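The structure appears below as C-alpha cells.
2 protein chains.
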Amino acid sequence: MTKAAPTLEDVARVAGVSRATVSRVVNGTRNVDPELQATVRNAIEETGYTPNRVARSLVTRRTGTVALVISGAGSGSDVFTDPFFGRVTAGVVDFLRLHAVHPVLMLADTDAARTEVVEFLRQGSADGALLVTTHSADPLPALLLDASVPVALYARPGRPMPVSYVDMDHHAGGRMAADHLVATGRTNVGTVSGPLDVLASQDRYSGFVDAMARHGFPYVPAIEGGFTWESGARAMQLLLDEHPELDAVFVANDLMAQGAMHTLNSYGRSVPVDVAVVGFDDSSPALACRPLLTTVRQPVERMAAAMAGLLLESLEKPGQRPKSVIFEPELVVRGSA
Amino acid sequence: MTKAAPTLEDVARVAGVSRATVSRVVNGTRNVDPELQATVRNAIEETGYTPNRVARSLVTRRTGTVALVISGAGSGSDVFTDPFFGRVTAGVVDFLRLHAVHPVLMLADTDAARTEVVEFLRQGSADGALLVTTHSADPLPALLLDASVPVALYARPGRPMPVSYVDMDHHAGGRMAADHLVATGRTNVGTVSGPLDVLASQDRYSGFVDAMARHGFPYVPAIEGGFTWESGARAMQLLLDEHPELDAVFVANDLMAQGAMHTLNSYGRSVPVDVAVVGFDDSSPALACRPLLTTVRQPVERMAAAMAGLLLESLEKPGQRPKSVIFEPELVVRGSA
DNA sequence: GAGCGCTCTTACAACGTTGTAAAAACGAAG
DNA sequence: CTTCGTTTTTACAACGTTGTAAGAGCGCTC
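What follows is the structure, given as C-alpha cells:
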C-alpha cells in the first residue's frame with residue numbers, strides 16, 4: 010500500500026467526533042444524531058475509509074469467512090477436473106456472496122491436511138466449515154465435530170452423528186431410472202454403478218436394483234465404475250461382452266454414461282434404438298453427447314447453496330439442533346432413453 | 010467452541026514466563042535459553058495452544074491468505090463448469106498449500122463484485138490477488154494496481170501495465186497445429202477460433218493463420234466459437250456447410266473440438282481419415298473422445314502454480330520489478346490428427 | 001431552579017498477538 | 001569487588017476494532 014489505510018481514528022479526527030461514534034455510524038447502530046451521521050459519512054467519503062476486517066474479527070470473533078473443504082481419501086488435486094466439484098463451488102459461491110461471506114478453499118486428502126484444516130478452524134480463521142466428503146469412511150466430520158467447529162456436510166456422514174447436512178434421495182433416483190426403462194419396454198437391463206464405498210453410489214445402485222426387482226427382474230448385471238469417462242467406457246465393454254443381449258443400461262453418473270455411449274457406438278449399437286442409456290446428475294457431459302443424455306437430475310448447485318445456508322444459520326444462532334435437507338431427484342428425459 | 014481457546018497468556022502462566030518469551034519460542038526467534046524453551050514447549054503441549062491467526066495478522070499485517078479472483082465480463086457462476094478453471098484452481102491450491110497460504114475464492118463478474126474485491130484487498134483481508142482474467146477489456150487489473158495491491162495475473166493484461174503475470178506462447182501453439190496438419194499432408198484446412206475478445210484466442214488464431222500462410226495457404230476458413238461444446242459443434246457445422254472439401258480443422262480448445270468431432274461424425278466424416286482434428290489445451294475432454302484428441306498442451310496447472318509463486322515472491326520482497334513467465338506449448342499427437 | 005429522566009456522546013478497556021526498549025542475570029575483565 | 005559487555009527476560013505499547021460504563025446536554029416536572 011502506498012499510504013497507510015485510513016483508520017477509524019482518522020475519520021473521527023476529520024469529523025470531529027470520537028472513534029466510537031464513527032464505529033456506530035458504520036455499523037448502523039441506533040442512537041446517532043442524523044446531522045452528525047451525515048458529517049461522519051462525509052468524513053468517511055473524504056478519507057476513503059474502509060473498516061479493517063482483521064481488527065474487527067479480533068473483537069467480534071467472526072471472520073466473515075468459511076472453509077470449503079473438499080475431503081475424502083483419494084481426492085488429490087485432480088478432483089477439480091470432475092464437473093461435480095465445480096458445480097458445488099458455483100452453488101456455494103453464489104449463495105455466500107449474497108451474505109458477504111467468503112469461502113476459503115481447502116483440500117483434505119491426507120492426514121496432515123486434515124489436521125491443518127482442524128487447526129485452521131480451531132484458531133478461528135474461519136467461522137465454520139462446508140464439507141464435501143466423498144468417501145463414507147472419511148474421519149473429518151467427526152474431527153470437526155469433536156473440535157466443536159460449526160459445520161455442514163454435503164451428503165450424510167458415513168456413520169450417524171449430530172451434524173447438519175444436505176443430501177439427495179439417491180435411492181429414489183435409482184428407482185426413477187428403473188421405472189423409466191421398464192416403462193419404455195426394456196427387458197434386458199444392466200447397470201454401471203459408482204464406487205461402492207461412496208454412500209450415494211450404494212443408494213443409486215440399491216434403488217435401481219430394488220425397483221427392477223419390483224418390476225419382476227430379480228437379477229441386474231452390474232459393473233462397478235469409478236465415476237470417470239474411462240471407467241464408464243470400460244465398464245460398458247465388460248457388460249457388453251458378458252451380456253450382448255442388453256437393451257438398456259443405467260449408468261451412475263453422466264461422465265461414465267458419456268464413456269458408455271462411446272463404447273456402445275463402437276460396438277455398433279445405436280442409442281437409443283438398440284440400447285437405452287440413462288445417466289445420473291444432469292451435469293455438462295449430459296449435453297455433450299448425441300443423442301442428448303436422459304438422466305436423473307441432482308440439483309447440485311441448489312444443494313450446495315442449501316448447505317451454505319445451513320451453516321450460516323447455525324452460525325447465526327448457535328446451539329441449534331442440527332438440520333438436514335433432502336432433495337428430490339428428477340428424471341430428465343432426452344434422447345438417449 | 011466448548012472452552013475458550015488457550016492464549017499466549019495461558020501458556021505463559023503455565024510455563025511461568027512472560028507472554029513475550031512464549032511468543033519468541035513459537036516464532037523460533039533466537040535468544041531463548043534451551044532449557045526454558047523445553048519448558049515452554051511442554052506448556053504449549055499441555056494447554057493445547059495454537060496461535061490465533063487473526064490477532065497475529067492484526068500486528069504483522071499479513072494474513073497468510075490470498076484472493077483467487079475469477080474475473081471477466083461474462084463469467085457468471087457457471088465458469089466452474091469449464092474444466093479450465095478447475096485446473097487453475099488445482100494448480101494454485103497445490104502450490105499454496107506447500108507455503109501454508111490459503112486461497113479465498115472470489116468472482117468478479119459485475120462492477121459491484123469488482124469493487125468488493127478491491128475493498129477486500131485494500132482492507133488487508135488477503136495479502137494479494139491471483140487474477141484469472143479472460144476478457145482483455147477487464148478493468149480489474151488496473152483497479153488492483155491503482156490500489157497498490159500485490160497481484161499476479163494468469164495471461165497478460167489487455168493493455169500493458171507494470172504487473173507480474175504468467176502466460177503461454179499461444180501464437181507458437183497455433184503454429185504447431187498448422188505445421189503438424191501441413192506436415193501430415195492436409196491441404197484444405199479450416200479453423201474454429203475462440204472468442205476474439207480473449208487475447209489467447211487471438212494469438213492462437215493468428216499463430217495458426219500466419220503459419221498456414223508461410224506454408225503457402227493464404228486463406229483459412231474460420232468461424233468464431235465460444236469455448237463451449239455446443240459452439241464447437243455448431244461452428245463445425247457452419248464450416249462444413251460452406252467448405253465441404255475440408256480435410257482438417259484446428260479448434261481453439263478441446264471442449265469445442267469434442268463438439269466438432271461430434272458434428273463430423275454425424276456428417277459421416279471419419280476422423281482422422283476424412284478430416285483431421287487438432288484441439289488446444291490438453292484438458293479432460295481430449296481423453297473423452299475416440300479417437301483420442303491430438304492437441305496443443307497448455308500446462309495450466311504448472312502455469313497456475315507459477316502465478317502463485319510470482320505473487321508469493323512479490324509479497325516476500327515488495328517493491329521488486331514485476332516479472333513474467335512465459336510457457337511453451339507442446340504438441341501432443343494422438344489419434345485425431 | 002434543583003432534580004430527574006431522557007437521548008446522545010465519549011473515554012476506556014478489551015481482543016491476542018508482536019516488537020521494542022528497558023531491566024535483570026551472569027560472566028569476564030580490571 | 002566493582003565495572004562493563006552480553007545474553008536472556010520482562011513490561012509495555014502498539015495494531016484497529018467493538019462494547020460498556022460513565023459522562024454531557026437538555027428539556028421536563030414539581
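In order, the protein sequences belong to chains A and B. For the first sequence, our numbering begins at 10 and goes up steadily by one. For the second sequence, our numbering begins at 10 and goes up steadily by one. Even glycine gets a Cβ: it sits at the ideal position worked out from N, Cα and C. As the structure is a computational prediction, the values presented were derived from the model and not from experiment.
Smallest Cα separation from residue i: which of the options?
| i | options | result |
| --- | --- | --- |
| LEU107(B) | ALA317(B), ALA135(B), VAL342(B), SER323(B) | ALA317(B) |
| LEU105(A) | LYS332(A), GLU310(A), ARG330(A), VAL334(A) | GLU310(A) |
| GLY133(B) | ALA64(A), ALA313(A), PHE336(A) | ALA64(A) |
| PHE226(A) | LEU139(A), PHE129(A), GLU128(A), ASN197(A) | ASN197(A) |
| PRO60(B) | PRO43(B), SER80(B), VAL34(B) | VAL34(B) |
| GLY216(A) | ILE79(A), ASP188(A), GLY241(A) | ASP188(A) |
| TYR313(A) | ARG223(A), HIS179(A), GLY95(A) | Before going further, note that residue 313(A) is Ala rather than Tyr in the sequence given. Selected option, being the one with the closest Cα: GLY95(A). |
| ALA14(A) | ARG28(A), THR56(A), LEU205(A) | THR56(A) |
| TRP238(A) | ASP91(A), VAL305(A), PHE129(A) | ASP91(A) |
| VAL158(A) | GLY328(A), VAL20(A), VAL341(A) | GLY328(A) |
| GLY137(B) | ASP120(B), SER145(B), MET115(B) | MET115(B) |
| GLU251(A) | GLU18(A), MET170(A), PRO230(A) | PRO230(A) |
| ALA209(B) | PRO338(B), PRO43(B), THR74(B), TYR58(B) | PRO338(B) |
| VAL260(B) | GLY277(B), ARG306(B), ARG223(B) | ARG306(B) |
| HIS180(B) | LEU154(B), GLY199(B), PHE336(B), MET270(B) | PHE336(B) |
| MET185(B) | THR74(B), ARG123(B), LEU340(B), MET170(B) | LEU340(B) |
| PHE129(A) | PRO294(A), GLU18(A), ALA156(A), GLU54(A) | ALA156(A) |
| ASP103(B) | LEU320(A), TYR228(A), PHE89(A) | PHE89(A) |
| THR74(A) | VAL41(A), LYS326(A), ALA109(A) | ALA109(A) |
| SER145(B) | LEU205(B), GLY199(B), ALA121(B) | LEU205(B) |
| GLU54(A) | ASP42(A), ARG62(A), ASP178(A), THR16(A) | THR16(A) |
Quick one: residues in its chain with C-beta nearer than 8 Å to the C-beta of residue i, no 5 flanking neighbours on either side, listed in chain order?
| i | result |
| --- | --- |
| ALA285(A) | LEU190, THR193, ARG195, ASP256, ALA257, VAL258, THR303, SER345, ALA346 |
| SER333(B) | ARG165, SER173, TYR174, VAL175, ASP176 |
| ALA297(A) | GLN267 |
| ALA161(B) | GLY137, ALA138, LEU139, LEU140, VAL172, SER173, TYR174, VAL175, MET316, ALA317, LEU319, LEU320, SER323 |
| GLU18(A) | ARG28 |
| ARG62(B) | THR72, GLY73 |
Excluding five sequence neighbours on each side, which residues of the same chain lie with their C-beta closer than 6 Å to the C-beta of residue i?
| i | result |
| --- | --- |
| ALA24(A) | THR48, VAL49, ALA52 |
| ILE232(B) | VAL201, ALA244, LEU247, LEU248 |
| VAL207(B) | THR143 |
| ASP219(B) | none |
| GLU254(A) | ASN197 |
| SER293(B) | PRO92 |
| SER66(A) | THR72 |
| GLY234(A) | VAL201, SER240, GLY241, ALA244, MET265 |
| PRO169(B) | none |
Thinking C-beta only, is residue j closer than 8 Å to residue i?
| i | j | result |
| --- | --- | --- |
| ALA135(A) | THR72(A) | yes |
| LEU45(A) | VAL31(A) | no |
| VAL78(B) | TYR163(B) | no |
| ARG343(A) | PRO300(A) | yes |
| ARG213(B) | GLY167(B) | no |
| GLY241(B) | MET221(B) | no |
| ALA76(B) | LEU152(B) | no |
| PRO331(A) | PRO171(A) | yes |
| PRO150(A) | ARG123(A) | no |
| VAL141(A) | SER80(A) | yes |
| VAL101(B) | TYR58(B) | no |
For residue i, which residues in the same chain have their Cβ closer than 7 Å to its Cβ, ignoring the five residues on either side in sequence?
| i | result |
| --- | --- |
| ASN262(A) | GLY203, PHE236, GLY288, PHE289, ASP290 |
| VAL280(A) | MET270, LEU273, VAL286, PRO300, SER345 |
| ALA99(B) | GLU310 |
| TYR276(B) | LEU249 |
* **the stretch 113-125 of chain B: positions lying closer than 9 Å to chain A by Cβ** => So the close ones are VAL113, LEU114, MET115, LEU116, ALA122, GLU125.
* Compile a chain-ordered list of the residues in the stretch 288-308 of chain A whose CB is closer than 9 Å to at least one CB of chain B. => Result list: SER292, SER293, PRO294, LEU296, ALA297, CYS298, ARG299.
* Output, in sequence order along the chain, the residues in the stretch 324-335 of chain A whose CB is closer than 7 Å to any CB in chain B. => Look at the stretch 324-335 of chain A: it has no residue with a C-beta under 7 Å from a C-beta of chain B.
* To do: Below 8 Å between beta carbons is the criterion; list the residues of the stretch 42-59 of chain A that meet it against any residue of chain B, in chain order.
  => The residues in question are THR59.
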